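Residue numbers (the working numbering): 30 to 196.
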């Protein structure tokens, strides 16, 4: 999880490759309408996000029910979004290896702004970064399924190595 430009996709792909498991990006679950809004620099509302989060939750539950592992990237900026993503997931856990963990890629707004300025071909414009940070509710100690990984001044391989150490 993290704001746009925090490296969710590139880190997620590298992590999935290292673990030899499936990778999915939550952007794949957005409706055309949501993508169009974001491309026009219009922040999504909670109402816009709800069907998207529910679709991702269904995917997570399906992965758990079939015993498959994967890496899924998602902004998950608010605690309530993370709760929707994980709805019924604890009920689907059949053993200790069937866990869902959220890794928060935490970076400064300055670092992430620099990354976004270099990114091309993405529907999410850098102009929405400020609204992402305004919306962001960093995970708290109450969210025991969340782990924070610092990304400032770190390469993708360093970030992946840190995550592998946590896993």
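Yeah, the Cβ is synthetic: ideal placement off N, Cα and C, and Gly gets one too. Model, not experiment: these values are computed from the prediction.
Just mark residue i as buried or exposed, buried being the case when its beta carbon has 16 or more other beta carbons within 10 Å.
i, result
"residue 174", "exposed"
"residue 97", "exposed"
"residue 89", "buried"
"residue 70", "exposed"
"residue 61", "exposed"
"residue 193", "exposed"
Taking Cβ to Cβ, would you say residue i is nearer than 8 Å to residue j?
i, j, result
"residue 131", "residue 168", "yes"
"residue 110", "residue 177", "no"
"residue 40", "residue 188", "yes"
"residue 51", "residue 43", "no"
"residue 36", "residue 180", "yes"
"residue 82", "residue 113", "yes"
"residue 107", "residue 166", "yes"
In the DSSP assignment, what are the bridge partners of residue i?
i, result
"residue 178", "134"
"residue 53", "101"
Rounded C-beta distance between residue i and residue j? I'm assuming under 8 Å.
i, j, result
"residue 55", "residue 102", "6 Å"
"residue 137", "residue 30", "That belief does not hold up - the Cβ atoms of residue 137 and residue 30 are roughly 16 Å apart, past 8 Å."
Apart from the five residues on each side of it in sequence, which residues of its chain come closer than 7 Å, Cβ to Cβ, to residue i?
i, result
"residue 118", "89, 90, 93, 129"
"residue 59", "81"
"residue 116", "86"
"residue 160", "72"
Counting only the same chain and skipping the five closest in sequence on each side, list residues whose C-beta sits under 8 Å from that of residue i.
i, result
"residue 186", "43"
Near residue i, which residues of its chain fall below 6 Å by C-beta distance, leaving aside the five closest residues on each side in sequence?
i, result
"residue 77", "63"
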